[in-house]
Structures are given as structure tokens and as C-alpha cells.
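What follows is a set of notes on a single structure, which appears directly below.
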Amino acid sequence: GIQVEQSPPDLILQEGANSTLRCNFSDSVNNLQWFHQNPWGQLINLFYIPSGTKQNGRLSATTVATERYSLLYISSSQTTDSGVYFCAGHAGGTSYGKLTFGQGTILTVHP
Amino acid sequence: GAVVSQHPSRVICKSGTSVKIECRSLDFQATTMFWYRQFPKQSLMLMATSNEGSKATYEQGVEKDKFLINHASLTLSTLTVTSAHPEDSSFYICSAPTGTGWWSQETQYFGPGTRLLVL
């Protein structure tokens with residue numbers, strides 16, 4: 873199966889700062905999603921982005937499928953952005969639907 | 262977005278007992294659901310694929326006789342942890358893709374998870 877690497881593993885910011893999280897894939901993916909896991913464990917869908925760029929408020933994401941990476945941008949961070957950010961994907965074919973998750977980036981935003 | 266619920270949200274049981282966790286898609290039908298397990302400070306690991314009307318498929322290393330999965334309807338999948346032991350304590354999360362189109366283009370939505378503690 874595919875391997876998913878996320879960086880950085882930990883990130884500490886002051887409120888108002890910007891950040892970039894990266895996700896690298898070992899092989900081509902047909903499905904790529906970014907999630908935020910809140911302190912209660914709920915995974916919140918941020919983006920479905922197998923390619924291209926999307927924006928939603930202070931968050932945006934870009935996936936360069938040919939180079940097998942995706943970036944999540946958080947601008948003007950707030951304390952409520954704290955939590956773990958995961959990217960996940962699957963390669964299609966017989967593994968369709970089976971998401972492989974990265975190890976996550978733990979984001980802490982201080983007031 | 263689509264909503265997936267899980268019940269119970271947390272459960273504490275004695276070693277040797279069985280625990281059933283329900284996963285429901287509330288506003289869409291899901292012919293397939295997925296079950297994940299997450300240990301503290303770790304990522305999610307796929308355990309099995311739940312298929313409505315057929316047997317579940319398990320990932321390598323997951324004991325199918327210990328983790329029984331039943332996909333009773335297009336909106337309900339259950340995971341039963343049989344003869345639970347302390348090492349089964351974990352956070353169990355289900356997910357379901359929306360729509361019935363091409364798999365690779367479907368967004369998956371996750372339930373809120375069930376925290377299992379086996380004493």
C-alpha cells in the first residue's frame with residue numbers, strides 16, 4: 873500500500889501566525905483528504921483535494937498530484953485551530969475507499 | 262455535510278466480556294463502511310471494510326473472530342469486540358463514503374468515535 877508522511881510532526885504558533893503543513897505520498901493517489909481531529913477525537917473534513925487548489929475561509933490546500941504532495945495552509949491562526957491535522961489518501965483499484973493516514977501534525981496555537 | 266453517528270461514545274467493560282459498537286449514516290445510505298482504530302497519540306489504522314449484504318474484509322493482522330462486523334442495513338454497521346482484553350482498549354472510529362459513484366472520487370465522513378476501556 874501507499875505510505876503517507878506528514879511534516880512537521882509538531883507545530884507551535886502564536887495566535888495570528890500563518891503555517892504550512894505538508895503531506896507526501898509514496899505513490900499516486902486518487903483520493904486525498906485533509907482532516908482536523910478536535911480534542912474530543914472527532915475527525916472534521918477540511919478538504920477533499922486529489923489535485924488543484926481549494927480555499928475555505930482561513931484554510932486553503934494545494935495538491936500537486938504529479939509530484940505526490942499536498943499542502944495545507946492555515947492563515948491568521950486561532951486557538952481553536954489547535955488539534956491534530958491528518959492527511960489521508962488511497963490509490964484506487966483494489967484499495968478503493970481504504971484511506972491510509974499520515975502520522976499527523978500536532979498544532980498548538982497559543983493566545 | 263453528511264453525518265455519521267456512533268454509539269456508545271464511551272464504554273468501560275470487564276475483561277472477557279463482549280462490546281458492541283454501532284455506526285450509522287444518518288442522512289445517506291452507505292453500502293460500505295470502514296472501521297478504524299486509534300491508539301493514544303497515534304494515527305488511525307484501518308481494521309476492516311464492512312459490506313452491506315456480504316462478509317466484511319479485514320486488514321492483515323486483524324483477527325476477524327475477535328472483531329465481528331455486521332452490516333445489517335444500508336445505514337447501520339456494528340463492530341463487536343468479543344472477549345475483550347485490556348490491550349483492546351482504544352478509540353474506534355467508523356467512516357462512510359457518500360454517494361454511489363466512483364470510489365476514488367468520494368469524500369469519506371467519520372463518526373465521532375467510541376472510547377473503549379477494558380479493565
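These protein sequences, in sequence, are chains R and H.
Note that the first sequence covers residues 873 to 983 in my numbering.
Note that the second sequence covers residues 262 to 380 in my numbering.
Glycine included, every Cβ here is placed at the ideal spot set by N, Cα and C.
Bear in mind the structure is a predicted one, so any value in this text is a computation, not a measurement.
Asked                                                                                                               : Found
Cβ neighbours of H:H268 in the same chain (closer than 8 Å, five flanking residues each side left out)              : I282, E283, R285 and T375
Supposed contact pair R:Y941 and R:N896 - C-beta distance, whole angstroms, cut 8 Å                                 : 5 Å
Nearest residue (CA-CA) to R:G873, options R:P983, R:H962 and R:L915                                                : R:H962
H:H332 beta carbon less than 8 Å from that of H:E313                                                                : yes
Three-state class that DSSP yields for H:E348 in the structure shown                                                : helix
Where R:T977 sits in the DSSP three-state scheme                                                                    : strand
Beta-carbon neighbours of H:P373, restricted to chain B and to distances below 8 Å                                  : Absent from the structure: chain B. Protein chains present are R and H.
Within-8 Å CB hit, R:L971 to chain H                                                                                : yes
DSSP-derived helix/strand/coil call for R:A960                                                                      : strand
Between the CA atoms of R:I916 and R:G924 - distance to the nearest angstrom                                        : 21 Å
H:F295 burial status per 10 Å Cβ neighbour count (16 or more: buried)                                               : buried
Nonlocal neighbours in the same chain, by C-beta distance under 6 Å from H:S365, ignoring five residues either side : Here the model assigns H:S365 a pLDDT of 47, short of 50, so the residue's position is not dependable, and the following value carries that caveat. None.
Closer than 8 Å to chain H by CB, R:Y920                                                                            : yes
Boundaries (first-last residue) of the beta strand (DSSP E) holding H:F289                                          : Note, H:F289: premise wrong, no beta strand (DSSP E); not H, not E.
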